[in-house]
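Asks: Structure below; questions to follow.
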Amino acid sequence: MQLRELENSGIVHREVYPQVPPKVEYSLTPFGETLRPIIYSMRDWGEQYTNEVIAKSQQAE
(Lines of atoms letter the chains of each structure in order from A and count residues from 1; the text may use other names and numbers.)
(Lines give C-alpha, C1' and ligand atoms only; values in the text may rest on other atoms or scores of the structure.)
Protein backbone atom coordinates (compact mmCIF):
# COMPACT_ATOMS: atom_id res chain seq x y z
CA MET A 1 0.00 0.00 0.00
CA GLN A 2 1.08 3.54 -0.65
CA LEU A 3 0.64 6.45 1.73
CA ARG A 4 -2.15 7.92 -0.39
CA GLU A 5 -4.07 4.65 -0.18
CA LEU A 6 -3.59 4.55 3.59
CA GLU A 7 -4.88 8.11 3.77
CA ASN A 8 -7.90 7.28 1.60
CA SER A 9 -8.62 4.29 3.85
CA GLY A 10 -8.58 6.48 6.95
CA ILE A 11 -5.50 4.79 8.41
CA VAL A 12 -3.18 7.80 8.27
CA HIS A 13 -3.71 11.54 8.39
CA ARG A 14 -1.73 13.72 5.99
CA GLU A 15 -0.79 17.21 7.19
CA VAL A 16 0.59 19.58 4.53
CA TYR A 17 2.46 22.68 5.69
CA PRO A 18 2.44 25.77 3.44
CA GLN A 19 6.18 26.34 3.25
CA VAL A 20 9.13 26.08 0.92
CA PRO A 21 10.48 23.49 0.61
CA PRO A 22 7.20 21.61 0.94
CA LYS A 23 6.67 19.72 4.18
CA VAL A 24 4.21 16.87 4.73
CA GLU A 25 3.75 14.84 7.89
CA TYR A 26 1.80 11.62 8.29
CA SER A 27 0.34 10.26 11.51
CA LEU A 28 -1.91 7.38 12.45
CA THR A 29 -5.59 8.15 12.84
CA PRO A 30 -7.54 6.57 15.71
CA PHE A 31 -8.57 3.87 13.19
CA GLY A 32 -4.91 3.43 12.22
CA GLU A 33 -3.98 3.06 15.88
CA THR A 34 -5.98 -0.18 15.92
CA LEU A 35 -3.21 -1.62 13.70
CA ARG A 36 -0.47 -0.83 16.23
CA PRO A 37 -0.52 -4.33 17.87
CA ILE A 38 -0.25 -5.96 14.45
CA ILE A 39 2.61 -3.66 13.43
CA TYR A 40 4.45 -4.42 16.69
CA SER A 41 3.93 -8.17 16.19
CA MET A 42 5.39 -7.92 12.69
CA ARG A 43 8.36 -5.95 14.05
CA ASP A 44 8.96 -8.56 16.74
CA TRP A 45 8.77 -11.36 14.17
CA GLY A 46 11.27 -9.53 11.97
CA GLU A 47 13.68 -9.03 14.86
CA GLN A 48 13.44 -12.70 15.77
CA TYR A 49 13.87 -14.10 12.25
CA THR A 50 16.02 -11.51 10.45
CA ASN A 51 19.14 -13.67 10.35
CA GLU A 52 17.20 -16.71 9.13
CA VAL A 53 15.50 -14.73 6.37
CA ILE A 54 18.83 -13.24 5.24
CA ALA A 55 20.49 -16.67 5.23
CA LYS A 56 17.70 -18.24 3.16
CA SER A 57 17.77 -15.31 0.75
CA GLN A 58 21.52 -15.71 0.26
CA GLN A 59 21.14 -19.47 -0.29
CA ALA A 60 18.61 -18.82 -3.03
CA GLU A 61 21.01 -16.58 -4.97
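Sequential numbering of the sequence shown, starting at 49, is according to our numbering.
Beta carbons are placed, not taken as given, at the ideal position from N, Cα and C, and that holds for glycine.
Any C-beta of chain B sitting closer than 8 Å to the C-beta of Leu51?
Replies: Of the chains in the structure shown, none is chain B; there is only one protein chain.
Asks: Let me know the secondary structure DSSP gives Leu54 once reduced to three states.
Replies: In this structure, Leu54 counts as helix in the three-state DSSP scheme.
Asks: Should Val60 and Tyr74 be called a contact, given that it needs their Cβ atoms to be closer than 8 Å?
Replies: Yes. Within cutoff.
Asks: Under a three-way DSSP split, which group does Glu63 fall into?
Replies: Of the three classes helix, strand and coil, the one that applies to Glu63 here is strand, per DSSP.
Asks: Which whole-angstrom value describes the C-beta separation of Gly58 and Thr77, a residue pair presumed to lie in contact below a C-beta threshold of 8 Å?
Replies: So it is a contact: roughly 6 Å between Cβ atoms.
Asks: From the DSSP output, in three-state form, read off Glu73 for me.
Replies: Residue state, collapsed to three classes: strand.
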